[in-house]
Amino acid sequence: MNTSKNQRVIIVGAAPGRESDPNRPLVPTQSGRGTAASLLQTMQLDPCSFEVIFERHYIISVHAGRSRNGDRFPKAMALAGVAKLTPLLRGRTVVLIGKKTASAFGIGHLAPCTWSQETLGTPSGNKMPSIMPSIMPTTIAWVPSPCGLNLWWNSQENRQAGEAFLLALAHQGFQATVRGVAA
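Residues in the sequence shown are numbered consecutively from 0, following numbering that gives the first Met the number 0.
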């Protein structure tokens with residue numbers, strides 16, 4: 000992971016949960032389940048520390064409702080959100096939460112929990128975001144959603160890789176924040 004002194008790592012999720020407010024600190028639901036709870040627990044962070052260490056964004060700014068396979072992820076809303084976020088992400092260190100989020104940014108083909116240098120953008124004439132040549136590479140990775148429903152986390156090997164990645168991310172993000180405050 001590569002971060003400059005004054006830039007926090009950006010965490011991008013698909014959309015806020017039904018009970019969460021994207022303008023307030025990331026907190027687990029009352030049930031203690033879901034992506035926020037799992038992410039905070041795995042990273043061994045409290046909500047306030049998470050907000051200090053990371054810059055949090057969503058592709059879709061509101062909960063889009065439920066479907067029979069989980070939360071809805073409307074393609075038109077996702078594409079608009081990706082177009083809005085892409086300029087902010089260029090040249091930064093970014094972690095995308097969930098396969099749908101990674102695919103929306105055109106990096107779903109990359110292995111999870113692995114850093115890559117990519118250039119995000121939308122080629123002219125193509126409606127889907129993709130990786131394209133540019134001068135501002137983004138250090139980017141994606142993690143399968145730790146929501147409790149994602150089967151990727153059921154494999155012990157995957158769980159260990161995901162937990163190690165998120166713990167290292169929390170530690171490195173904390174160190175970068177401390178360096179930024181000390182500068």
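Even glycine gets a Cβ: it sits at the ideal position worked out from N, Cα and C.
Q. What's the gap between the Cα of G179 and the Cα of T34?
A. 28 Å
(Q) With distance defined between alpha-carbon atoms, name the residue in L119, A36, T92 nearest to N82. (A) According to the sequence as given, residue 82 is Ala; it is not Asn. Out of L119, A36, T92, L119 has the C-alpha closest to the C-alpha of A82.
(Q) Here's the rule I'm using: 16 or more other beta-carbon atoms within 10 Å means buried, otherwise exposed. How should T92 be labelled? (A) With 16 or more Cβ atoms within 10 Å of its Cβ, T92 is classed as buried.
Q: Assuming G97 contacts S37 (C-beta within less than 8 Å), just tell me the rounded distance between them.
A: Their Cβ separation, rounded to whole angstroms, is 12 Å, which puts G97 and S37 out of contact at 8 Å.
Q. Looking only at its own chain, which residues have a Cβ that is under 7 Å from the Cβ of A140, when we skip the five neighbours before and after it?
A. V94, C112, T113, W114, S115
**Q.** Neighbourhood of S60 by C-beta distance below 8 Å, restricted to the same chain and skipping five residues each side
**A.** A14, P15, P21, G80
Q) For D45, which residues of its own chain have a beta-carbon under 8 Å away from its beta-carbon, when the five flanking residues on both sides are left out? A) L39
Q. Contact check, L84 vs I58 under 8 Å by CB: the rounded distance?
A. 7 Å
Q. Span of the alpha helix (DSSP H) holding A14?
A. No alpha helix (DSSP H) holds A14; DSSP gives it neither H nor E.
Q | Cβ-Cβ distance between E162 and T41 below 8 Å | A | yes
Q: Compare the Cα-Cα distances from G12 to each of Q43, Q6, R55 and report the closest residue.
A: R55
Q. Mind checking whether F53 and I10 have CB atoms under 8 Å apart?
A. yes
Q. Cβ of Q43 within 8 Å of Cβ of L166?
A. yes
Q. A110 by DSSP, collapsed to three states: which one?
A. coil
Q: Please confirm whether R7 and T137 have their CB atoms less than 8 Å apart.
A: no
Q) Can you check whether the CB of A77 is closer than 8 Å to the CB of A103? A) A contact, by the Cβ cut-off of 8 Å.
Q) Going by DSSP, which residues form a beta bridge with R55? A) Beta-bridge pairing links R55 to I10.
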